[in-house]
Amino acid sequence: MLCTVLIIIICAVSGIIYFNNPISKFKSEIINNKQTEAGELYHNKIKGDSDKEEKAISFLKGEIAEIEKSFVDEKIDYDKAKSRLETIKNTRLVPTDATNSIIKVNNLNNSRIAFKKAEEFFKNNDLKNAIEEYKNVISDDKNYEKAKEQIKNNEKKYKDQILKSAEEFANKKDYDKAITTLSEAISVFSDDVDLTAKNETYKKLQQEKLEAEKKQKIEKLKGVQELVVVSSSVVSDYFNIHDEAQVIVKNNTNKVVKNFTVGILMYDGNGYPLKSGILAGENQLFKGKSESANIQAGETFGYN
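The opening position of the sequence shown corresponds to residue 58 in the numbering used here, with each subsequent residue numbered one higher.
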């Protein structure tokens, strides 16, 4: 009976001593994420006592290391690790240590998410997105070596797929899709010589295609054009205000062209557009109208 009483008394005294110890209470508040209470306790009971301050700082640094290690070892999840580190950071007692640890935990968490995404993409044979996500796995991640291996084993396969797909589009003269396909791959492998070279080749072919289509369109329009410009020249000081343009047109049809409108835009020696005289008003492009030209088939108009 005496022994039991002694144990109870000793336990009670120990509890009183523990909760009256500001360092012990400070530790308890931090562990339980009570940052407001911990801050008040530090400023009221610890600050100013160098020995207690040193113990509090030492405890916080130890907690940071332990939280970080527990997260790395997957003993605690991201939310818990971040919450506890934010509590320590908000005490403003070890800001650099806490901030650096939060950054490490965030980076590792993002890396783990990237690896999971990569594995899912890989299962669905989406090599582009899989490789992109594998590249986001950091060296501190236990899956880093596996991610590197997956990139190494699949980048050639992905590259071959892209080159083949781009070539199929190019064979159909669909250079836009060929270029788009290669551009997606180049976003993953920006330094790949083969992908870049093919992309440049298809860009050149696309430009040639566009120029050929443009010429073809012009020739087609010429075939149905009723009036063609035979010549154009500048008539100096026609109205003693600005230079005027003279445009000679020819009727390419087998019928009479009664009226027409022609657009005139003049340039100076440096290639800059000029106002085309009093008839143009404030606009640089002058639209000349002839309401009663009556140009006969095969004849020209505009000399007078």
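From the three backbone atoms N, C-alpha and C, an ideal C-beta is built for every residue, glycine too.
From a predicted model like this one, the values you see are computed outputs, not experimental measurements.
{"Query": "Close beta carbons around A354, own chain, < 8 Å, minus the five adjacent residues each side", "Result": "N308, T310, N311, K312, V313"}
{"Query": "Option nearest V13 by Cα separation, candidates D183, K261, I188", "Result": "Residue 13 falls outside the range modelled here, since the chain spans only 58 to 361, and no answer is possible."}
{"Query": "Sequence-distant residues of its chain with Cβ nearer than 6 Å to F226 (five each side left out)", "Result": "K234, A235"}
{"Query": "Residue from S158, K213, N166, V162 whose Cα sits closest to the Cα of K185", "Result": "K213"}
{"Query": "Cβ-based burial, G338 [other Cβ within 10 Å; buried from 16]", "Result": "Its pLDDT being 48, under 50, G338 is placed unreliably by the model, and the measurement read from it follows with that caveat. Looking at its Cβ environment, which holds fewer than 16 other Cβ atoms inside 10 Å, G338 is exposed."}
{"Query": "Outcome for I335 when other beta-carbon atoms lying within 10 angstroms are tallied against a minimum of 16", "Result": "Any reading at I335 must be qualified, since the residue scores a pLDDT of 45, below 50, and its modelled position is unreliable; the value itself is stated next. Result: exposed."}
{"Query": "Three-way DSSP call (helix, strand, coil) for F83 in this model", "Result": "helix"}
{"Query": "Reduced DSSP category for A350 - H, G, I as helix; E, B as strand; rest coil", "Result": "coil"}
{"Query": "T144 vs K91 beta-carbon contact at 9 Å", "Result": "yes"}
{"Query": "Whether Y232 touches K260 by CB criterion (9 Å)", "Result": "yes"}
{"Query": "Cut-off 7 Å between Cβ atoms - residues of its own chain near T238, not counting five sequence neighbours on either side", "Result": "I219, S222, A223, F226"}
{"Query": "Under 9 Å between C-beta atoms of I159 and K174", "Result": "no"}
{"Query": "Counterpart residues of G320 in DSSP-defined beta bridges", "Result": "K344"}
{"Query": "For S347 and L16, the rounded distance between their alpha carbons", "Result": "There is no way to answer for residue 16, as the model of the chain reaches only from 58 to 361."}
{"Query": "One or two residues paired with S289 in a DSSP bridge", "Result": "V304"}
{"Query": "Simplified DSSP assignment, three categories, for L284", "Result": "strand"}
{"Query": "Cβ-based burial, Y191 [other Cβ within 10 Å; buried from 16]", "Result": "buried"}
{"Query": "Distance, Q263 Cα to N167 Cα", "Result": "40 Å"}
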